[in-house]
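*Asks:* Respectively, the protein sequence lines represent chains L and X. Using the working numbering, the letters of the first sequence correspond one by one to residues 1 to 192. Using the working numbering, the letters of the second sequence correspond one by one to residues 1001 to 1192. Virtual Cβ for every residue (Gly too), placed ideally from N, Cα, C. Computed from a predicted structure; not experimentally measured.
2 protein chains.
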Amino acid sequence: MSQRLLEHFRSRIKISDEEFSLLLDHMEHKQVKKKEKLLEIGEVCNYTIYVNEGLLYSYSVDDDGNEHVVHFALEDYWISDLYSFLNRTPATVDIIALEDSDVYMFRYDKMNEMFEIFPFINTFYRQLYEKAYIYAQQLLDRALGISAIERYVQILKERPHLIQRVPLHLIASYLGITPETLSRIRRKLVKR
Amino acid sequence: MSQRLLEHFRSRIKISDEEFSLLLDHMEHKQVKKKEKLLEIGEVCNYTIYVNEGLLYSYSVDDDGNEHVVHFALEDYWISDLYSFLNRTPATVDIIALEDSDVYMFRYDKMNEMFEIFPFINTFYRQLYEKAYIYAQQLLDRALGISAIERYVQILKERPHLIQRVPLHLIASYLGITPETLSRIRRKLVKR
DNA sequence: CGATTTTTTGAATCATATCAACGTACGTGG
DNA sequence: CCACGTACGTTGATATGATTCAAAAAATCG
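(1) Does the Cβ of L/THR92 have 16 or more other Cβ atoms within 10 Å, making it buried, or fewer, making it exposed?
(2) Can you have a look at L/THR48 and say buried or exposed, based on whether 16 or more other CB atoms are within 10 angstroms of its CB?
(3) Do X/GLY1176 and L/ASN66 have their beta-carbon atoms positioned less than 9 Å apart in this structure?
(4) How about the segment 95-113 of chain L and the segment 53-68 of chain L: do they share at least three Cβ pairs that are nearer than 8 Å?
(5) If the cut-off is 8 Å on Cβ atoms, which residues from the segment 1114-1128 of chain X count as contacting chain L, listed in chain order?
(6) Is L/VAL44 close to chain X, meaning its C-beta is less than 9 Å from at least one C-beta of that chain?
(7) Any beta-carbon of chain X closer than 9 Å to the one on L/TYR83?
(8) CA-CA distance, L/ASP62 and X/GLU1040?
(9) Any beta carbon of chain X sitting closer than 9 Å to that of L/GLU130?
(10) At a CB-CB cut-off below 8 Å, which residues of chain X make contact with L/TYR104?
(11) Given a cut-off of 9 Å on the beta-carbon distance, is the pair L/LEU140 and X/ALA1143 in contact?
(12) Given a cut-off of 9 Å, decide if L/LEU5 and L/TYR50 are closer than it, judged by their beta-carbon atoms.
(13) What are the boundary residues of the alpha helix (DSSP H) that includes L/ASN112?
(14) Could you work out which residues of chain L lie near X/SER1060, taking near to mean beta carbons separated by less than 7 Å?
(15) Does the segment 1105-1120 of chain X come into contact with the segment 109-118 of chain L, if we say contact requires no fewer than three beta-carbon pairs (one atom in each stretch) closer than 8 Å?
(16) Taking the Cβ atom as the reference point for each residue, do X/TYR1104 and X/MET1027 lie within a distance shorter than 9 Å?
(17) For L/VAL166, count the other beta carbons within 10 Å of its own beta carbon; 16 or more makes it buried, fewer makes it exposed. Which is it?
(18) Is there a Cβ from chain X that is less than 9 Å from the Cβ of L/TYR108?
(19) Roughly how many whole angstroms lie between the Cα atoms of X/LEU1074 and L/SER16?
(20) Look up X/LEU1039 in the DSSP assignment and give the residues it is bridged to.
(21) Looking at L/GLU180: is its Cβ nearer than 9 Å to the Cβ of X/LEU1086?
(22) Residues of chain L with a CB under 7 Å from the CB of X/ALA1136: which are they?
(23) Could you please give the first and the last residue of the uninterrupted alpha helix (DSSP H) stretch that includes X/LYS1157?
(24) Span of the beta strand (DSSP E) holding X/SER1084?
(25) Does the distance from the CB of X/ILE1134 to the CB of L/TYR83 come in under 9 Å?
(26) Pick helix, strand or coil for L/THR178, following the three-state DSSP scheme.
(27) For L/ARG187, verify whether its CB is less than 8 Å away from any heavy atom of the ligand GDP.
(28) By how many angstroms is the C-alpha of X/VAL1044 removed from the C-alpha of L/GLU150?
(29) Is any beta-carbon of chain X found at less than 9 Å from that of L/HIS161?
(30) For L/ILE79 and X/SER1060, what's the separation of their Cα atoms in angstroms?
(31) Which residues does DSSP list as the beta-bridge partners of L/GLN31?
(32) In whole angstroms, give me the CA-to-CA distance for X/LYS1037 and X/LEU1162.
(33) Where DSSP assigns a beta bridge to X/VAL1061, which residues make up the other side?
(34) Could you run through the segment 65-99 of chain L and flag, in chain order, every residue whose CB is less than 7 Å away from some CB of chain X?
(35) X/GLY1042 to X/GLN1127, Cα distance in whole Å?
(36) Out of X/SER1058, X/LYS1014, X/TYR1077, X/ILE1013, point me to the one whose CA is closest to X/LYS1035's CA.
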């Protein structure tokens, strides 16, 4: 069911049922199995992915081979390697399903066509990226300004579902700390 | 002279001289003196500011009273408190001129009007925020994944002008480290 | 020039990483 | 459906990088 996706668009722009139906024709619908890889480092990213059901995440690998989780996308989130997608350069992240998932995808080839057929998609994406940018800035501000324990508490508050559905070592990686440190933080918090 | 701003638009969208002229009529042009404040924490942010000449920066103040530099905007950059601007909520940053500057500003009241008169502005902003989002993500990835010294080296490489024009304690604040640590990092680097 | 701001230096302390070991849970093939 | 292997989480000891506080040196401003 694409009800969630329709609501998602309607929260930002005016779109009729017919327009939405037409738009859906330009998207791809896919079921992905847990652990399935939707993008591999080095490939050019051809999709922006909307998560209708399930949970995907992306991670980069640094020069020392350390993985670093960049983004978790659960229901109603988008995920992609935007830089690779827009600039047609090799992706710097893997995107992998953490759970069996149901996704809708925009293919790069169709983007420009879409912006012509549906001018309102510009408005939609402008608003989407405004929000994404603001959120990234907030995370950055926190990453630099507050301690690991406070960052964990923030995430507990803001995205509680994440903690329930994601293994702790991935949360640690997302927070930029080691699993050991996260374990110790959690012990401290329980004691309180 | 608004030549730089015209180029700035033309790098993203098609815009005729007349359209640009009309667009300019919807913007405000201002000279600001060094140390002048363009936005104060608590106010609602009414502008997105384009830096034509000079250098502005924004910083937040955390619960412990520590200032944290969020953004440096030199020539051809934009600066604002986007969350405050879009949601009409109190700003969380001050915006201050670090040098005498020359800026063009979009006022909030006129934004919706502008999106109607100039539909291509949606496209422009979409692309602007795509880029801003990507950059913020990169910074975040670095903030969490690499050490202070590597972050400083990165900024040296990517925005060398910044180091030349901005006091080091503000660079330190931007990197999320203390001025003392930055001083020690620089000593190490010189020794190499 | 004097006053203020900026940068540097040193010593003690704190937060987090690292390395190593162990316990637990989990799913997968037999 | 059980047992084994792998993935996940915790704990301890030690090392490292960054902060804090105090002070002095250097640069900049009016």
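*Replies:* Well, looking at it:
(1) buried
(2) buried
(3) no
(4) yes
(5) PHE1115, PRO1119, ASN1122, THR1123, TYR1125, ARG1126
(6) no
(7) Interface residue, yes.
(8) 39 Å
(9) yes
(10) None at all; the shortest Cβ gap to chain X is about 20 Å.
(11) Yes, Cβ-Cβ distance for L/LEU140 and X/ALA1143 is below 9 Å.
(12) yes
(13) 108-117
(14) Here the neighbours are ASP141.
(15) no
(16) yes
(17) buried
(18) no
(19) Taking the CA atoms as reference points, X/LEU1074 sits about 43 Å from L/SER16.
(20) X/ILE1095
(21) no
(22) TYR133, ALA136, GLN137, LEU140, listed in chain order.
(23) Unbroken alpha helix (DSSP H) run through X/LYS1157: 1148-1158.
(24) Here X/SER1084 belongs to no beta strand (DSSP E); instead the alpha helix (DSSP H) covers 1082-1087.
(25) yes
(26) coil
(27) Among the ligands in the structure shown, none appear at all, so the ligand GDP cannot be discussed.
(28) 27 Å
(29) no
(30) 29 Å
(31) L/ASP102
(32) 20 Å
(33) Bridge partners of X/VAL1061: X/GLU1067.
(34) HIS68, VAL70, LEU82, TYR83, LEU86
(35) Straight-line Cα distance between these residues: approximately 29 Å.
(36) X/SER1058
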